[in-house]
Structure formats: C-alpha cells, structure tokens
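Note that the protein sequences, when read in sequence, are chains E and R. According to the UniProt record's numbering, the residues represented by the first sequence are 1 to 372, in order. According to the UniProt record's numbering, the residues represented by the second sequence are 1 to 452, in order. Don't be surprised by glycine CBs; every beta carbon is placed ideally from N, CA and C. Structure record follows, encoded as structure tokens.
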Amino acid sequence: MVFQSSLKTCLQLSCILRTPKAGFRSSSGGLIIQSVSNDVYQNLAVEDWIHDHMNLENRQVLFLWRNSPAVVIGRHQNPWQECNLRLLRQKNIKLARRRSGGGTVYHDLGNINLTFFTTRKKYERMENLKLVVKALKALCPQLDVHVTDRYDILLDRQYKISGTAAKLGRTTAYHHCTLLCNADKFVLSSVLKSPYKGLKSNATPSVPASVKNLFEEDPSLTCEMLLDAIAEEYATRHQTDHQITLINPADETVLPGINNKTKELQTWDWVYGKTPKFSVSTCFNIAYKDSVLDVKVDMDVKHGRIEGCNIDLPEQWLPPALCSELVKNLTGSKFCPNETTTLATTLLRVCPQDDDLHSRWNLLCENMIMLM
Amino acid sequence: KYVCVFDKSAFKFSHQQRLFRTSAVSCGQIVQFKLSDIGEGITEVTVKEWYIKEGDSVSQFDSICEVQSDKASVTITSRYDGIIRKLHYNLDEIAYVGKPLVDIEIDASKGIAPEEDVVETPPMSHEEHTHQEIKGHKTLATPAVRRLAMENNIKLSEVVGTGKDNRILKEDILNYLAKQTGAILPPSPKGEIIPPLPKSETVPAAPKDKARKIPLPVSRPLVFSGKDKTEPITGFHKAMVKTMSAALKIPHFGYCDEIDLTQLVQLREELKPLAQIRGVKLSFMPFFIKVRCAAEHCMEYLCRICQNLASHNIGVAMDTEQGLIVPNVKNVQVCSVFEIASELNRLQALGSAGQLGTNDLTGGTFTLSNIGTIGGTYTKPVILPPEVAIGALGKIQVLPRFNGKGEVFKAQIMNVSWSADHRIIDGATMARFSNLWKSYLENPASMLLDLK
Chain E
1 MVFQSSLKTC LQLSCILRTP KAGFRSSSGG LIIQSVSNDV YQNLAVEDWI HDHMNLENRQ
61 VLFLWRNSPA VVIGRHQNPW QECNLRLLRQ KNIKLARRRS GGGTVYHDLG NINLTFFTTR
121 KKYERMENLK LVVKALKALC PQLDVHVTDR YDILLDRQYK ISGTAAKLGR TTAYHHCTLL
181 CNADKFVLSS VLKSPYKGLK SNATPSVPAS VKNLFEEDPS LTCEMLLDAI AEEYATRHQT
241 DHQITLINPA DETVLPGINN KTKELQTWDW VYGKTPKFSV STCFNIAYKD SVLDVKVDMD
301 VKHGRIEGCN IDLPEQWLPP ALCSELVKNL TGSKFCPNET TTLATTLLRV CPQDDDLHSR
361 WNLLCENMIM LM
Chain R
1 KYVCVFDKSA FKFSHQQRLF RTSAVSCGQI VQFKLSDIGE GITEVTVKEW YIKEGDSVSQ
61 FDSICEVQSD KASVTITSRY DGIIRKLHYN LDEIAYVGKP LVDIEIDASK GIAPEEDVVE
121 TPPMSHEEHT HQEIKGHKTL ATPAVRRLAM ENNIKLSEVV GTGKDNRILK EDILNYLAKQ
181 TGAILPPSPK GEIIPPLPKS ETVPAAPKDK ARKIPLPVSR PLVFSGKDKT EPITGFHKAM
241 VKTMSAALKI PHFGYCDEID LTQLVQLREE LKPLAQIRGV KLSFMPFFIK VRCAAEHCME
301 YLCRICQNLA SHNIGVAMDT EQGLIVPNVK NVQVCSVFEI ASELNRLQAL GSAGQLGTND
361 LTGGTFTLSN IGTIGGTYTK PVILPPEVAI GALGKIQVLP RFNGKGEVFK AQIMNVSWSA
421 DHRIIDGATM ARFSNLWKSY LENPASMLLD LK
C-alpha cells in the first residue's frame with residue numbers, strides 16, 4: 001500500500017541512517033517511519049527489530065502503523081481470559097502477543113498505532129502522550145481529550161480512545177499506544193469478551209473501559225489526518241524534518257533478519273505457549289437421550305499445554321478405560337480445539353464400534369473442545 | 001576491591017588495553033545483582049518470567065528475567081559473567097528496585113565490576129568487565145555461542161563479532177560456517193544494507209586483526225548443532241501411534257493396478273468451468289469417490305461384508321501441519337459428483353484453517369488417499385481401523401501406450417494401490433472390485449448407466 005501524501009517519500013531506511021545529517025537539523029535526530037503493511041505480525045516484528053538493532057544514542061524514532069483486524073494481547077496475558085477465541089477463529093481475526101506489557105486491544109484499520117523509540121534514559125511516556133494530545137487539539141481544537149495517570153487518553157472525560165504499553169530492554173525502550181479513529185466498536189466489544197469460565201491465573205488482567213471513536217466527535221477526521229498531525233508535532237518537538245519514511249516490513253535488505261522475527265511472533269509457542277500457568281475448573285451439562293448429566297473438568301495448563309487433567313463423569317456413562325485413555329492422551333497435548341478434535345477422533349478408531357458409545361464419546365469431546 | 005572512575009576521554013582508543021588489572025578476588029565470589037532503576041520513579045515490579053534457573057551459567061547481557069510494572073514489560077539482563085546461585089523471588093512476587101534480584105558467582109580469574117547504575121552507564125564502561133583474553137584479543141560471546149563454535153571446531157578468535165563491543169553473535173558463527181562450507185548467502189551489496197548497528201558506534205574499538213567489513217547476519221539459519229534432541233510424543237501423535245499399532249494387527253494384502261484416465265481427464269476439463277461458475281473447484285477426487293461407491297454397489301458381496309453400511313462416508317486423507325487427518329464426505333451414495341466436489345472444497349478449507357469438527361472426522365467407512373498430489377506411483381497404504389480397506393492414488397503421468405489399433409498414443413496413466421483386510425476380503429473380490437472401478441474411470445460414459 002502506497003500513500004498518496006506528497007510529504008512522504010519511499011526512501012530506504014539505510015539512506016537515512018547512513019547519512020544522519022541529511023535529514024536532521026540537530027543532533028537529537030528524530031526519525032519518523034511508517035509501515036506499508038497492515039499485517040500485525042510484520043509490524044510487531046519491526047518494533048522488535050528497531051529495539052534490538054538500532055542505535056538510539058543520538059536519535060529517536062516514531063513508528064506509525066495500522067493493522068487489519070487483529071486482537072493483540074500483552075506479554076504476560078492469557079488469551080483465553082481476554083478474548084473470545086472461537087469468535088476470532090470464525091471471523092478470521094488474527095491473534096498476536098506483543099512483547100510489551102499491559103492489556104488487550106483490538107486493532108483494525110480504523111485504529112492507529114504509534115511507537116516512540118528512545119534510549120532507556122529518555123523513556124518518558126507522559127511526554128509522548130501529551131504530544132499526542134497536543135497534536136489532536138491542534139487538529140481539532142474543540143476536542144476534550146486528556147491523559148490520565150494510568151497513561152490512557154480519555155475523550156470527554158469518560159471514553160477511552162487510547163491505551164498504552166511499553167517495553168524496556170537493556171539500553172533501549174519503546175512506548176506504544178493505540179488511538180481510535182474509526183474502528184468497529186461492535187466487533188471490538190464482542191471479541192474482547194471471554195466466554196471461558198472457571199479460569200484461574202496470575203496473568204495480567206485487562207481493565208475493561210468504554211471506548212469511543214474520534215470520528216464520532218468529528219466526522220471529518222480520518223486516520224491519515226491523525227497520523228500526519230502527530231508526525232508534525234513530533235517533528236516540531238525534535239526539530240527535524242516532517243518527512244515520513246515508508247518502510248516495508250518484509251524487506252530483508254533494509255531490515256536484515258526481520259522475517260525470522262515475524263515468523264517467531266506467529267508461532268503457537270509464542271502466541272499461546274507464553275501464557276502464564278493457569279487452571280481451568282468448570283462443569284458442563286450433557287443432555288443425552290432422556291437424561292442430563294453433570295460433568296466436572298479440572299485442568300492445569302502450562303506453556304499452553306495440558307499438564308494435568310481430571311474428568312469427573314457419572315459412573316459407567318463411558319467405560320472407565322476409555323475415559324482414562326482420553327485423559328492420558330490429553331496430558332501433554334496443546335490446550336487447543338484443533339489438537340483435541342484430531343486426538344479424540346483418532347482415538348475413536350480403536351474403540352469398540354458401538355454407535356451409542358460413539359455418540360457419548362463425541363458429546364463429551366465436543367464439550368471439552370468448547371473449553372478451549 | 002578496586003574501584004575506578006571513568007570519564008569519556010579515557011575511551012578514545014582502538015586498542016585493547018584494560019584500565020585496571022584483575023583484582024584480588026577470592027575464588028567463586030558471590031555478587032548480589034540488584035534490580036536497577038526502571039525509570040519514572042517506579043520502586044517495585046512483578047517478576048513474570050525467569051529465563052534462567054539456579055545453577056545456570058550466564059554471560060554479561062544475557063537475559064535473566066522479565067518483570068512488569070504498570071503496563072511496561074522490562075527485560076533484565078545480567079551485568080556479569082558467572083553462575084546463578086540464587087533467585088531472590090518466585091514468579092509473580094513483587095521485586096524491589098535497589099534490592100538483590102539474583103546472586104551470581106563470579107569466576108575466580110575475573111575481576112569484579114565497579115558499582116554502577118546500569119541506566120546511567122554509557123556503553124563504553126562495559127569494557128571494564130572481564131572476559132577471556134586470547135592472545136590479547138578479547139572474545140565476548142555467550143555460553144551458547146561458545147558451545148556452537150566448539151561443536152563446529154571454530155576458533156572464536158577467527159570470527160568477526162558484530163554485536164556490541166564486537167561481541168560474537170550466533171549469526172557471526174553461522175556466517176563464518178557459511179564461508180567455510182561455501183554456502184551461498186543472499187547477495188548483499190554493502191552500500192545498500194544496514195548491518196545491525198553495533199552500539200559502540202561512537203567508539204570504533206577495532207581489534208588489531210579486523211580489517212574486514214561487518215558481515216550480514218544470515219536470515220536463513222543453517223543449523224549445525226549436531227546434537228540429538230528428544231521430544232516426547234504428545235496428544236494427537238500419541239493417538240496416531242495407537243491407531244497405527246492397531247492397524248498393524250490387520251493382515252493387509254495389497255492389489256495394484258494402472259488406470260488409463262485419458263478420457264476422464266478430457267471430461268474433467270470440460271466440466272471444470274461449469275463447476276467454477278457454481279463456485280466449486282473440481283478435482284479428480286469426486287469422480288474417484290463416487291465411482292468407488294458405485295462399484296461397491298454393483299458388487300453385492302463387497303457391500304455385504306462392509307457391514308451393510310447404509311451410509312457410505314468416504315474419508316479423504318489430508319496432509320496438514322499436524323500430520324495426517326482424514327475428514328470424510330458423508331452419504332456419498334446419494335450425492336452427485338458436484339455435491340461431493342463442493343463438500344471436498346469445504347473440508348479442505350476447514351482442514352487448512354485447523355477448524356474441522358468431530359463430525360467431519362468421525363464415521364468414515366472407507367478412505368481414499370491422493371498421495372499422488374505430493375508424488376509417487378505405487379504405495380502400500382495402511383488401513384485405518386475400523387475400516388476394512390483403503391485406496392491410494394499415485395500421480396497422473398503421461399506415458400506412451402498402445403491403443404486397439406496397435407498405435408502408440410499419449411495416455412494419462414494413474415496407479416492405484418489398494419490394501420484390504422484379508423480376513424474379510426479375498427483376492428478375487430478385490431480384483432473384481434478394482435476392475436469395475438477401473439472400467440468406469442476409463443470409460444466415463446459407462447458411469448451414466450450405473451451412477452445413482
């Protein structure tokens with residue numbers, strides 16, 4: 001995607017970095033870059049790359065990006081606790097885990113993301129958010145926006161329009177935040193509601209908030225306008241050119257090693273496997289023929305895999321050997337509906353061929369899968 | 001103890017002289033590594049993940065743990081080389097800035113670093129941390145990198161480090177190896193590429209023998225670890241082991257044949273666009289499936305022994321990331337070829353998305369495996385219990401064959417390999433079934449007579 005604005009040029013990042021004096025009028029060079037991709041994993045990988053590879057001693061970077069529909073959870077969060085994974089799969093919405101802390105957010109093209117890169121010494125979130133507020137007010141003076149002490153930006157004193165998170169490394173740090181311009185609030189609220197019951201964990205919980213789009217306050221606002229206004233304010237603050245460099249997060253020549261970072265962010269082991277240890281303790285009803293039975297399930301999940309599992313069924317509803325076979329196979333398996341489905345159906349092949357038995361088995365397994 | 005105060009002017013050098021000598025430190029001194037300032041006036045954090053455990057050896061800059069405070073996730077890295085002797089906090093406990101985080105036992109031959117606030121330290125002062133000196137050339141590398149070098153018989157002193165302070169990274173070892181083995185690296189016109197910028201950009205500390213440019217890290221990893229890895233079989237794979245073991249108990253007998261699909265290929269070419277208009281991708285499988293059913297019907301005996309199944313649910317083997325899964329098309333006996341094709345499309349889409357349901361994966365009565373899409377001609381397929389037979393289809397090849405007039409023509413040949421449970425199906429039955437199946441496919445027009 002190439003943006004039409006005349007202020008943007010598609011210079012290679014390498015040019016800017018090799019000739020630092022070229023773009024900057026002072027030694028505290030501010031560099032503004034914008035991603036041409038809407039893929040959440042690629043964009044998160046760019047953050048990783050800059051964090052790991054760029055020397056920010058005399059330079060600060062502002063990274064502008066937008067994603068096609070995705071839910072992004074914080075580093076230490078539990079996706080089962082935070083969102084409706086079933087709905088995400090149905091709607092083909094991606095799930096990503098970022099490396100910074102904080103809570104869960106929903107991204108779509110009506111939301112903009114800003115990342116402020118500095119050295120650890122110059123890490124200052126309040127200043128960054130004040131910069132954003134200043135830019136918003138310059139664009140739209142009547143907006144009632146302010147920064148809270150929880151690093152949120154509120155509209156009209158009650159609606160959250162921006163959430164913040166940060167990552168600090170040994171020498172560099174970044175602070176990123178979202179900004180709701182024209183996102184789909186309906187999808188947002190439905191995907192960020194978890195249907196999973198009985199979860200107990202020490203993962204960082206999200207704090208739900210009422211949200212509003214800036215577009216609702218001023219229908220003339222677009223994401224492009226917001227990005228430009230913020231870039232302009234940043235350029236002024238850092239006495240640098242208001243020139244936005246476009247970068248392609250798939251380009252290995254500009255960002256060597258980036259594709260590996262992108263891949264890592266997409267692995268199951270990162271997205272799900274990094275979930276802090278948690279337990280599931282719940283029960284469900286199975287209606288079969290003329291009776292309804294209660295089933296109690298307890299599971300411990302570590303690194304996204306089932307460490308221990310216990311299924312409490314009424315006696316003899318299923319042959320105990322079969323039940324223990326299921327439990328045995330679930331242990332060590334991923335806490336994942338697809339994995340459990342294939343596991344359960346494969347096990348069925350070596351069961352006695354009895355329709356009644358098969359129906360009961362399928363009912364039990366389907367309910368187990370619903371927990372994931 | 002020996003404490004030094006540094007100022008930046010001391011660091012305009014390009015040689016390796018150390019500014020203070022190794023100290024009078026006793027063997028294995030335990031140093032308490034304190035949690036450094038996080039910034040923004042934060043005094044406490046929660047420990048969220050440990051990257052090391054007691055007894056692990058660490059190098060300077062290795063990640064020790066991840067802590068979180070107020071929406072910020074912080075990676076704490078080690079200031080020293082040594083062995084972790086004590087973790088002061090458990091997971092989810094609150095850790096305090098300025099208080100000990102871990103105890104590290106520092107190697108006897110190394111000096112102790114001066115007390116300093118990590119946040120304020122400019123990169124250069126890390127020069128003072130002691131590292132192995134090999135013939136006056138410092139080699140900074142983590143234990144993992146050293147191990148990789150050792151496994152591949154590489155001298156660290158011969159490798160150019162591209163990390164901070166010329167620290168040798170894993171990529172540097174891989175680069176070095178690539179040069180040794182003559183592997184082809186992606187082209188890297190030096191003018192246009194930024195290597196990961198070494199943090200000591202402002203201090204060009206170049207070792208004496210480093211005349212070359214900083215090489216590019218290889219993005220395609222060449223793995224030379226040479227170590228066997230044991231991984232436990234879990235979940236789905238465990239279940240497959242059970243299934244295959246049960247399958248092995250079935251006495252298999254195989255029957256193979258060659259089918260001339262020339263006419264079918266032509267027919268499919270004609271029908272493909274019609275199916276396309278109706279939104280369905282038409283492969284050969286729907287024909288194979290439907291014909292299998294028809295053949296079975298015509299063969300009463302086979303029908304009877306397949307337990308008088310009212311529903312013929314033909315499973316189609318699918319290769320996914322997880323491995324082999326077999327969703328099935330239900331009630332093939334009442335479906336048209338188009339309906340079967342449509343259902344296959346649906347199952348394939350769900351299969352790739354990892355969203356097949358239990359209903360799709362159970363109840364199969366017979367399986368067809370189109371292994372030919374990957375390759376191969378004849379195979380020896382294994383029956384999937386509780387079924388009694390399985391068919392594997394090889395790839396379609398263009399081969400010369402003789403026609404009725406004794407002329408050579410281009411034929412589209414596909415090989416089929418059947419396996420059947422010999423306790424239930426005998427050779428003659430299998431042969432007759434296969435011939436019937438073959439004749440339908442070789443003369444598609446004849447399908448019109450018998451396909452229901």
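(message) Using a Cβ-Cβ distance cut-off of 7 angstroms, determine whether Ala96 (chain E) contacts chain R.
(response) no
(request) Identify, in the order they occur along the chain, each residue of the same chain with its Cβ nearer than 6 angstroms to the Cβ of Glu133 (chain R), setting aside the five sequence neighbours on each side. (result) Its pLDDT being 40, under 50, Glu133 (chain R) is placed unreliably by the model, and nothing is read from it.
(request) Note down the Cα distance separating Lys197 (chain E) from Ile233 (chain R), rounded to an integer number of angstroms. (result) 29 angstroms
(message) Within 7 angstroms of any Cβ in chain R, is that where the Cβ of Ser100 (chain E) sits?
(response) yes
(request) Measuring alpha carbon to alpha carbon, tell me which of E:Leu139, E:Thr171 and E:Ser189 ends up nearest Glu217 (chain E). (result) E:Leu139
(message) Taking 7 angstroms as the threshold (beta carbon to beta carbon), is Leu11 (chain E) in contact with chain R?
(response) Here the model assigns Leu11 (chain E) a pLDDT of 41, short of 50, so the residue's position is not dependable and the matter cannot be decided.
(request) Give the interface partners of Gly332 (chain E) over in chain R, defined as CB-CB distance under 8 angstroms, in chain order. (result) Pro232, Thr234, Gly235 and Lys238
(message) Does Ile32 (chain E) pass the burial test, meaning 16 or more other C-beta atoms within 10 Å, or should it be called exposed?
(response) buried
(message) Buried or exposed, going by whether 16 or more other CB atoms sit within 10 Å of the CB of Asp149 (chain E)?
(response) exposed
(message) Let me make sure I understand the geometry here. Which of R:Lys86, R:Ile38 and R:Ser57 has the alpha-carbon closest to that of Gln32 (chain R)?
(response) R:Lys86
(request) List the whole-angstrom C-beta distance separating Gly82 (chain R) from Val45 (chain R), where the pair is believed to meet the contact cut-off of C-beta under 8 angstroms. (result) So it is not a contact: roughly 23 angstroms between Cβ atoms.
(request) Quick one: grab the DSSP three-state call for Ile76 (chain R). (result) strand
(request) Classify Gly391 (chain R) as helix, strand or coil using the three-state DSSP reduction. (result) strand
(message) Quick check: what's the CA-CA separation for Glu54 (chain R) versus His88 (chain R)?
(response) 10 angstroms
(message) Between Ile73 (chain E) and Thr104 (chain E), how many whole angstroms is the CB-CB distance? I'm expecting something under 8 angstroms.
(response) 5 angstroms
(request) Would you kindly work out how many angstroms separate the C-alpha atoms of Pro100 (chain R) and Ser63 (chain R), rounded to a whole number? (result) 16 angstroms
(request) Verify the contact flag: His175 (chain E), CB atom, against every heavy atom of the ligand COA, threshold strictly below 6 angstroms. (result) Among the components modelled here there is no ligand, and therefore nothing to report on the ligand COA.
(message) Using a Cβ-Cβ distance cut-off of 7 angstroms, determine whether Arg237 (chain E) contacts chain R.
(response) no
(message) Thr164 (chain E) and Tyr174 (chain E) - do their beta-carbons sit closer together than 7 angstroms?
(response) no
(request) Using a Cβ-Cβ cut-off of 7 angstroms, state whether Ser73 (chain R) counts as contacting chain E. (result) yes
(request) Provide the residue(s) that pair with Thr172 (chain E) in DSSP beta bridges, ordered along the chain. (result) E:Thr119
(request) Step through the CB atoms of chain E and report whether any lies within less than 7 angstroms of the CB of Gly315 (chain R). (result) no
(request) Could you tell me which chain E residues have their CB closer than 7 angstroms to the CB of Asp92 (chain R), listed as they occur along the chain? (result) Asn202
(request) Take Arg98 (chain E) as the anchor and find which of E:Asn43, E:Ile369, E:Gln90 and E:Leu131 has the nearest alpha-carbon. (result) E:Asn43
(message) Is it buried or exposed, Arg292 (chain R), if we count other Cβ atoms within 10 angstroms and call 16 or more buried?
(response) buried
(request) Consider the Cβ of Leu264 (chain R): report whether some Cβ of chain E lies at a distance smaller than 7 angstroms. (result) no
(message) Measuring only the C-alpha atoms, how far is Gln68 (chain R) from Ile38 (chain R)?
(response) 10 angstroms
(request) Give the single residue among R:Thr320, R:Gly323, R:Leu344 and R:Glu321 whose Cα lies nearest to the Cα of Asn331 (chain R). (result) R:Leu344
(message) Could you compute how far the alpha carbon of Gln266 (chain E) sits from the alpha carbon of Tyr41 (chain E)?
(response) 7 angstroms
(request) Can you give me, in chain order, the residues of the region 352-363 of chain E that have a beta carbon less than 8 angstroms from any beta carbon in chain R? (result) Gln353, His358 and Asn362
(request) Could you please give me the residues that DSSP links to Gln412 (chain R) through a beta bridge? (result) R:Val398
(request) Let me know the secondary structure DSSP gives Asn313 (chain R) once reduced to three states. (result) coil
(request) Verify the CB distance criterion: does Lys167 (chain E) have a CB-CB separation below 7 angstroms to chain R? (result) yes
(message) Between the region 248-259 of chain R and the region 353-368 of chain E, can you find at least three pairs of beta-carbon atoms closer than 8 angstroms?
(response) no
(message) I'd like to know if Leu216 (chain E) contacts chain R, where contact means its C-beta is closer than 7 angstroms to some C-beta of that chain.
(response) Checking the sequence shown, residue 216 (chain E) turns out to be Glu, not Leu. Cβ-Cβ to chain R under 7 angstroms: no for Glu216 (chain E).
(request) Please list the partners that Cys365 (chain E) has in chain R, where partner means a Cβ-to-Cβ separation under 8 angstroms. (result) Thr358
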